[in-house]
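Undergrad: Provided herewith is a single structure, encoded as structure tokens, for subsequent inquiry.
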Amino acid sequence: FSEEMLRSLAKTVLGTTTLRYGEHTIELEKPFERLTIDQTLRKYAPEYAKMADPKVLASTLGPKGVKANPQSSIAVLKLQAFETIEDKLIQPTFIVDYPAEVSPLAKRSDKNPDVTDRFELYIAGREIANGFSELNDPEDQAARFEEQAKAKAKGDEESMYYDADYIRALEYGLPPAAGEGVGIDRLVMLFTNSPSIRDVLLFPHLRQET
28 FSEEMLRSLA
38 KTVLGTTTLR
48 YGEHTIELEK
58 PFERLTIDQT
68 LRKYAPEYAK
78 MADPKVLAST
88 LGPKGVKANP
98 QSSIAVLKLQ
108 AFETIEDKLI
118 QPTFIVDYPA
128 EVSPLAKRSD
138 KNPDVTDRFE
148 LYIAGREIAN
158 GFSELNDPED
168 QAARFEEQAK
178 AKAKGDEESM
188 YYDADYIRAL
198 EYGLPPAAGE
208 GVGIDRLVML
218 FTNSPSIRDV
228 LLFPHLRQET
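Numbering (the numbering used here), first residue to last: 28 to 237.
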């Protein structure tokens, strides 16, 4: 759906599926690549992919300006490592199979319960979209919130608090659902070859004078 939507938008707005963004030529007509976080690390930063010790990975990320907590899990730290190489994802790429540990609201995959039915789409080194199947199992969600609360207590600022009201709502029942959020401003940046998001915001706080 996301691929076809972007191709259709590009054809309608620009008349082509070949875009120019900065020094890069972006091809939307070809099938979008699909990679996991580990596969992306092996492709662009193999030194991170090989690390299995959280303390070692955290100490390696620290000098690169990443606030890495050595008490975090390896999944969390590899996500942080991935964020340092996002800018290498120039051509349209889906990052798929996010670990359940870093996707607390996403449903587990039927094929592998350690990962979730979640994706993020990257183009020109930026996240364009984020989508996932909603977790509708209250017991699984409660367990994940508990793990998130423990991680937050250890200093993980990205972790969530335990949301008892949300668990109570899930216990009443939530039908299968999924959603996707598209960064419209970033998409406009891509289609207009704009280097700064300030140039495309409808009501920006700051915009360079012309």
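Ideal Cβ positions, reconstructed from N, Cα and C, are used throughout, including at glycine.
Since the structure is predicted, the reported quantities are computational estimates derived from the model, not experimental observations.
What are the start and end residues of the alpha helix (DSSP H) that includes Ala-288?
TA: Given that the chain is displayed from residue 28 to residue 237, the structure contains no residue 288 and the question cannot be resolved.
Undergrad: Hey, which unbroken runs of the beta strand (DSSP E) at 3 residues or more fall wholly within the stretch 160 to 186?
TA: Here no run is fully enclosed.
Undergrad: Nearest by alpha-carbon distance to Arg-135: which of Asp-164, Ala-72, Glu-198 is it?
TA: Residue mapping note: residue 135 aligns to position 108 of the sequence shown, counting from 1. Of the listed residues, the one whose Cα sits closest to Arg-135 is Asp-164.
Undergrad: Based on the DSSP secondary-structure assignment, which residues constitute the bridge partners of Leu-62?
TA: Here residue 62 corresponds to residue number 35 of the sequence shown, with the count starting at 1. BP columns for Leu-62 point to Ile-122.
Undergrad: Near Asp-212, what residues of its chain come up, given a Cβ to Cβ distance below 8 Å and the 5 sequence neighbours on each side ignored?
TA: In the sequence shown, the residue the question calls residue 212 occupies position 185. Hits under 8 Å: Ile-224, Val-227, Leu-228.
Undergrad: Inspect the CB distances between the stretch 148 to 155 and the stretch 36 to 54 and report whether three or more fall short of 8 Å.
TA: Yes, they touch.
Undergrad: Which residues in the same chain have their Cβ closer than 6 Å to the Cβ of Tyr-189, if we skip the five residues on either side of it in sequence?
TA: Along the sequence shown, read from residue 1 onward, the residue named residue 189 stands at position 162. Within the same chain, Tyr-189 has close Cβ partners Phe-172, Ala-176.
Undergrad: Using beta-carbon positions only, say whether Thr-111 and Lys-91 come within less than 8 Å of one another.
TA: Reading the sequence shown from its first residue, position 84 is the one you call residue 111. Reading the sequence shown from its first residue, position 64 is the one you call residue 91. Yes, these two residues count as a Cβ contact at 8 Å.
Undergrad: Return the chain-ordered list of same chain residues with a C-beta closer than 8 Å to the C-beta of Asp-167, the five sequence neighbours on each side being excluded.
TA: Taking the sequence shown and counting its residues from 1, the one referred to as residue 167 is at position 140. The residues are Arg-135.
Undergrad: If you run the structure through DSSP and keep just helix, strand and coil, what is Phe-109?
TA: What you label residue 109 is simply residue 82 of the sequence shown in a count that begins at 1. Three-state result, Phe-109: helix.
Undergrad: Report all residues from its chain with a CB closer than 8 Å to the CB of Thr-45; omit the five preceding and five following residues, and keep chain order.
TA: As a working note, residue 45 is residue 18 in the sequence shown. Closer than 8 Å at Cβ, skipping near neighbours: Thr-52, Ile-53, Glu-54, Leu-55, Glu-56.
Undergrad: Taking Cβ to Cβ, would you say Thr-120 is nearer than 8 Å to Phe-59?
TA: Numbered from its first residue, the sequence shown carries residue 120 at position 93. Numbered from its first residue, the sequence shown carries residue 59 at position 32. For Thr-120 and Phe-59, yes; Cβs fall inside 8 Å.
Undergrad: The alpha helix (DSSP H) spanning Glu-74 covers which residue range?
TA: Here residue 74 refers to the residue found at position 47 of the sequence shown. Here the alpha helix (DSSP H) through Glu-74 covers 73 to 76.
Undergrad: Give the straight-line distance between the Cα atoms of Leu-84 and Leu-197, rounded to the nearest whole angstrom.
TA: Here residue 84 refers to the residue found at position 57 of the sequence shown. Here residue 197 refers to the residue found at position 170 of the sequence shown. Distance between the alpha carbons of Leu-84 and Leu-197: 36 Å.
Undergrad: Express the C-alpha separation of Pro-140 and Ser-160 in angstroms, rounding to a whole number.
TA: The sequence position of residue 160 within the sequence shown is 133, counting from 1. The sequence position of residue 140 within the sequence shown is 113, counting from 1. Taking the straight line joining both Cα atoms gives about 13 Å.
Undergrad: Note down the Cα distance separating Leu-99 from Val-129, rounded to an integer number of angstroms.
TA: Within the sequence shown, the letter at position 72 stands for residue 99. Within the sequence shown, the letter at position 102 stands for residue 129. Note on residue identity: the sequence assigns Ser, not Leu, to residue 99. Computed Cα separation, rounded: 11 Å.
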